[in-house]
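Visitor:
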Amino acid sequence: MTVVEVRTAHGVLRAEVDARESWRAAAERVAGRRVVPVDLSADPPLFATESPWQVALRPATPGDLPDLLRWRQHEHVRRWWAAEGEPTQELVRGQYAPVIAGETPDSLWIVETNGRSLGFLIDYLLRDHPDYAVLTPDPEAIGVDYAIGEPGWVGRGVGPQMLWAWMLTVGRRHPGVATGFAAPDHRNVASLRVLAKAGFRAGTWFDEPQPDGTVDTVVGCSIGFATVLG
Ligand SMILES: CC(C)(COP(=O)(O)OP(=O)(O)OC[C@H]1O[C@@H](n2cnc3c(N)ncnc32)[C@H](O)[C@@H]1OP(=O)(O)O)[C@@H](O)C(=O)NCCC(=O)NCCS
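Its first residue numbered 6, the sequence shown is counted upward by one per residue in this note's numbering.
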């Protein structure tokens, strides 16, 4: 029997998850309103009804390229993309302008809190990247990469809500896709932790070849949308 907890303004509510419902549905049933994840790796998984921020995603536009460049250049982001080369204007434009223009099957999103842009998220069906998909446990999954680019917003709990907002868009855009997937570097503690807080489970480690010829050892993390979001 799975039990979820919901932190409200007045205390903590507990709900037993009905066999036919998701964790989110059970949490929203007992709370009577929308919930956001706080730590879904806790036992029981913990949601909240209150958040200081409205976290939303919007499609990136060419006007976001200067922010994307700035975010990629901040050291807390740069270190995890280092194998792709120095984040110059040419490199960042070359990577993101075609995605923004719809010339690739991938989607690029800007993360906003209360209307302010503070990071980005990119998603892709793994089957559109067969060399990568073959390394992963479920080639039919949807993959995601992300960064809170503004240093002042890192470590404040926006990450789980960013991933939650993203997962809610997946259900609408790709109703047949059952699993979400991300594979951070095994040393990226913050990224592994944010995935766990959003409901992903860490699985197999694997070696991912990088554009500069090096190999990163990454941790495959997956989430089954039906169980967690419904
Ligand atoms: C990974 C990332 C999106 C997480 O988002 P976030 O909003 O910072 O997430 P949270 O605030 O929930 O923090 C997640 C965990 O990060 C760790 N963390 C928090 N602040 C940190 C800091 N300043 N430095 C390092 N780790 C930190 C904590 O362990 C925290 O877990 P806890 O809440 O159990 O203590 C964000 O840190 C980021 O953008 N990092 C740089 C880019 C990156 O690594 N992207 C992922 C590539 S796979």
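Just so it is clear, CB atoms sit at the ideal spot from N, CA and C, and this is done for glycine as well.
1) Tell me where the beta strand (DSSP E) around Arg63 begins and ends.
2) Less than 7 Å between the CB of Ile147 and some heavy atom of ligand 1, yes or no?
3) Going by Cα to Cα distance, which pick from Gly68, Glu108, Gly37 is closest to Glu55?
4) Indicate whether the contact test is met: 3 or more Cβ pairs, each with one atom in the region 200-220 and one in the region 14-26, closer than 8 Å.
5) Can you check whether the CB of Thr184 is closer than 8 Å to the CB of Phe230?
6) According to DSSP, is Ser112 helix, strand or coil?
7) Count the C-beta pairs between the region 200-215 and the region 129-145 that are closer than 8 Å, then say yes if the count reaches three, no if not.
8) For Ser196, does the three-state DSSP call read helix, strand or coil?
9) Pull the bridge partners of Ile105 from the DSSP assignment, please.
10) Given the structure, does Ser196 come close to ligand 1, in the sense that its CB is under 7 Å from one of the ligand's heavy atoms?
11) Hey, is the region 61-68 in contact with the region 44-53, meaning 3+ C-beta pairs nearer than 8 Å?
12) Could you tell me if Thr209 is buried or exposed, where buried requires 16 or more neighbouring beta carbons within 10 angstroms of its beta carbon?
13) Should Leu200 and Ser27 be called a contact, given that it needs their Cβ atoms to be closer than 8 Å?
14) Under DSSP, the beta strand (DSSP E) around Glu10 begins and ends at which residues?
15) Any heavy atom of ligand 1 closer than 7 Å to the beta-carbon of Trp85?
Guide: The relevant details are as follows:
1) 60-64
2) no
3) Gly37
4) no
5) yes
6) strand
7) yes
8) helix
9) Its beta-bridge partners do not exist; DSSP assigns none.
10) yes
11) no
12) exposed
13) no
14) 8-13
15) yes
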